[in-house]
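This report refers to the structure that appears directly beneath it.
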Amino acid sequence: MAMKKYAIIGHPVGHSLSPPMHNAAFAEIGLAAEYRAFDVAPDELSSFMDGPGKTLDGFNITVPHKGAITRYLDEIDERAAVAGSVNTVKRHRDRLKGFSTDGYGLEKAIEEAFGLNVASKAFLLLGAGGAARAAAFHLLTSSASAVLIVNRTLGKAKALVEELGKNFPDAHAEAVSASDREALAVVAERADVLVQSTSLGLREDDPSPFPKELLRPTLPVFEMIYKKTRLLEDAEKADAPAANGVGMLVHQGAKAFEIWTGENAPVETMRRVVETALEGVK
Ligand code: NAP
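Listed below in structure tokens is the structure:
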């Protein structure tokens, strides 16, 4: 059988953990397949899709192409269409179908880390960028009762809340400025889970995006960043259950693997490869 070809397309993409994670998964189930990274700048996406993209059986899309890729697709899964964001594409003959597995990865990782079902829960989301957007749409589709969106730029949180309101008229969505300390205390009190989806914490000396006095043992903290950030350190001190973003990465990848191959993903192998790779960069 011909070698199947998969990839991640993004810019930048050099440090992506997806190639080792998926190559280990293919090896584990004995599938003749390879997965590599393509660094494609925004103005190169069209020529990429007309060239190397045509040889791929499936691919992941990351920043900044999750919205732009939709114009090259023949079909989009309903959840991805609602969120306007695609991170996984599967080729069937000459047709390309897009999916979004980020929200699934988040939901599964939250269930796994905290033993809780997202239905009927209120989520405090830090951030209003692409990751927060995918999370908010997915959580409300999965019957979360509320998303309380805290962002540095209030206008961006408000724009997201307006869109959510149109798509989920029965759910509660609210925008809060990250600098409004009083409003933060109110939404923190109402939340069942805190999800950190800003990029604050990627750098070693980044401060926490959330006041530590508002953390408590009954507010689990899910940090989308893969490492131990200041927020995770504060959560530990406050006795709050806490998890980093590795579970989300692994489960969004596992779902993509299942979409492409129709096989159950070897989740524990994928997790081990990611954790080993992260140990190496410490
Ligand atoms: P993005 O679209 O660029 O959004 C960035 C967000 O971070 C915005 O809300 C932005 O606020 C906020 N932000 C950036 N710098 C800040 C600062 N100095 N102070 C306060 N807020 C700041 O990025 P994204 O794609 O949503 O990704 C966000 C994070 O999620 C990244 O760390 C990424 O690695 C992580 N992520 C993890 C996974 C996973 O599988 N674990 C998946 C996707 C993303 P403004 O609106 O005010 O600019």
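According to numbering that gives the first Met the number 0, the sequence shown is numbered sequentially starting from 0. Positions of the beta carbon are idealized from the N, C-alpha and C atoms, including for glycine.
Cβ shell of residue i (< 7 angstroms), same chain only, five flanking positions each side left out
{"i": "A255", "result": "N59, T87 and T100"}
{"i": "M2", "result": "A31, A32 and E33"}
{"i": "I109", "result": "L115, V117, V192 and F221"}
{"i": "D233", "result": "S207, K211 and L214"}
{"i": "L153", "result": "A174 and S176"}
{"i": "R90", "result": "L55, D56 and G57"}
{"i": "I258", "result": "T87, K89 and F98"}
{"i": "L201", "result": "I224"}
{"i": "D49", "result": "none"}
{"i": "G66", "result": "G83 and S84"}
Residue interval of the alpha helix (DSSP H) (run including residue i)
{"i": "A80", "result": "E77 to A82"}
{"i": "H250", "result": "V245 to T260"}
{"i": "R202", "result": "Unbroken run through R202: none, as it is neither H nor E."}
{"i": "S45", "result": "L44 to D49"}
{"i": "T275", "result": "V266 to V280"}
Contacting residues, own chain, Cβ-Cβ under 8 angstroms from residue i (five flanking each side not counted)
{"i": "E274", "result": "V245"}
{"i": "G102", "result": "R78, A82, A133, A134, F136, H137, L138, T140 and S141"}
{"i": "L163", "result": "A135, F136, L139, V146, A170 and A172"}
{"i": "H64", "result": "I8, G9, H10, V39, P41 and L44"}
{"i": "A156", "result": "A127, I148, V149, N150, A174, V175 and S176"}
{"i": "A182", "result": "V175 and S176"}
{"i": "A237", "result": "K211, L214, R215 and P216"}
{"i": "L277", "result": "L16, Y225, K226 and V245"}
Neighbourhood of residue i by C-beta distance below 6 angstroms, restricted to the same chain and skipping five residues each side
{"i": "R189", "result": "A121"}
{"i": "N22", "result": "Y34"}
{"i": "A170", "result": "L139"}
{"i": "A6", "result": "R35, F37, L55 and F58"}
Opposing strand residues paired with residue i [DSSP bridges]
{"i": "Q195", "result": "L125 and E222"}
{"i": "G9", "result": "D38"}
{"i": "A32", "result": "K3"}
{"i": "S176", "result": "N150"}
{"i": "A187", "result": "Paired residue(s): none; A187 is not in a bridge."}
{"i": "A234", "result": "In the DSSP output, where bridge partners are listed per residue, A234 has none listed."}
{"i": "A24", "result": "Answer is none; A24 lacks a bridge partner."}
{"i": "A242", "result": "F221"}
Check whether residue i and residue j have beta carbons under 7 angstroms apart
{"i": "V175", "j": "P19", "result": "no"}
{"i": "T69", "j": "G9", "result": "no"}
{"i": "A172", "j": "V185", "result": "no"}
{"i": "T54", "j": "K4", "result": "yes"}
{"i": "L231", "j": "A239", "result": "no"}
{"i": "V12", "j": "A40", "result": "no"}
{"i": "G126", "j": "T197", "result": "yes"}
{"i": "S84", "j": "S119", "result": "no"}
{"i": "D76", "j": "R94", "result": "no"}
{"i": "M247", "j": "G104", "result": "yes"}
{"i": "A26", "j": "M269", "result": "no"}
{"i": "L124", "j": "A131", "result": "yes"}
{"i": "P219", "j": "F113", "result": "yes"}
{"i": "H250", "j": "K107", "result": "yes"}
Beta carbon proximity, residue i to chain C, threshold 7 angstroms
{"i": "S178", "result": "In summary, chain C is missing from the structure at hand, where a single protein chain is found."}
Checklist entry - In chain order, which continuous runs of the alpha helix (DSSP H) of length 4 or greater are located wholly inside the region 56-119? => result Fully enclosed alpha helix (DSSP H) runs of 4 or longer: 77-82 and 101-113.
Item to check | 4-residue-minimum alpha helix (DSSP H) runs that sit fully inside the region 129-173, ordered along the chain | outcome: The region 129-173 contains these whole alpha helix (DSSP H) runs: 129-140 and 153-166.
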